[in-house]
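Notes follow once the structure below has been shown.
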Amino acid sequence: MATPASTASGITRYTTVAIILHWMIALGILTLIAIGLVMDHLNLEPMRVFQLYQLHKSIGISVMFLIALRIGWRLTHTTPPLPAKMPSLEKKGAHLAHLALYGLQVLLPLSGWAMVSVSVLGIPTVLFGTLPWPDLPVLSTLPDKAPVEAVMKDVHHWAAWGLLGLIILHVAAALRHRFILHDHVLSQMLPVSDSAALTHQKGEPP
């Protein structure tokens, strides 16, 4: 497996590809959550709901491909090590949280795709108003779609809330590493390395 490079200060960072994919996926997921909340909780005109629904599907499929790329990259490239002083139980917790994040990021677009495929409305998916997107095989031809659609809606709904909870936990952990533990965990994934500033913040020579 390929290994990440170290900065001039000796801090090992994620690869450039991993960093770009991470932030693109994060932006996509937050956008999807925002659109989902708007569709569920605001009283919008039917045409506006339809437009948001199509945008939600388009972004969701795009994020699904980005997640597949991210997982493929992760399996072929090692990640920077966690701080040596970090307790082993905390390291295991971080590992499990990352696995859960990956799992929900896979489950959400697939459950959404399945939900669209068994929709009793049968509204076609056209990505960004340009590219027709097919339904999942078998599901689209079920004789009784309503019960399956209801299950997929529940799975998609609760997976979205679960992912949002994990994102909040993920952000809180990153901020804790940054402002309480003063280590380089957050710096490893920032688009621009700020390890020198963090070292200065800790009172160490740059």
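In the numbering used here, each number is its position in the sequence shown, counted from 1, plus 3.
Backbone N, C-alpha and C define an ideal beta-carbon position, used for all residues, glycine too.
Considering only their Cβ atoms, is the gap separating residue j from residue i smaller than 7 Å?
| i | j | result |
| --- | --- | --- |
| R73 | L24 | yes |
| T34 | I62 | yes |
| L58 | A103 | no |
| M118 | H159 | yes |
| L189 | R181 | yes |
| P83 | T15 | yes |
| G31 | V66 | yes |
Counting only the same chain and skipping the five closest in sequence on each side, list residues whose C-beta sits under 7 Å from that of residue i.
| i | result |
| --- | --- |
| G206 | Its pLDDT being 44, under 50, G206 is placed unreliably by the model, and the measurement read from it follows with that caveat. Once the five neighbours on either side are set aside, G206 has no close Cβ partner at all. |
| V52 | M42 |
| I22 | M192 and P194 |
| L130 | S61, I64 and W136 |
| H164 | The question names His, but residue 164 in the sequence shown is Trp. Once the five neighbours on either side are set aside, W164 has no close Cβ partner at all. |
| I38 | L55, L58 and H59 |
Contact defined as beta carbons within less than 8 Å: I believe residue i pairs with residue j. What is the distance between those atoms, to the nearest angstrom?
| i | j | result |
| --- | --- | --- |
| T18 | H80 | 6 Å |
| K148 | V123 | 5 Å |
| A71 | L111 | About 13 Å; that fails the 8 Å criterion. |
| H167 | I36 | According to the sequence shown, residue 167 is Leu rather than His. That pair is a contact at about 6 Å. |
| M27 | L69 | 6 Å |
Please return the same chain residues whose Cβ sits closer than 8 Å to the Cβ of residue i, not counting the five positions on each side in sequence.
| i | result |
| --- | --- |
| L145 | V121 and V151 |
Give me, in chain order, the residues of the same chain whose beta-carbon lies closer than 6 Å to that of residue i; leave out the 5 immediate sequence neighbours on both sides.
| i | result |
| --- | --- |
| V174 | none |
| D138 | S120 |
Per DSSP, which one or two residues make a beta bridge with residue i?
| i | result |
| --- | --- |
| W136 | T128 |
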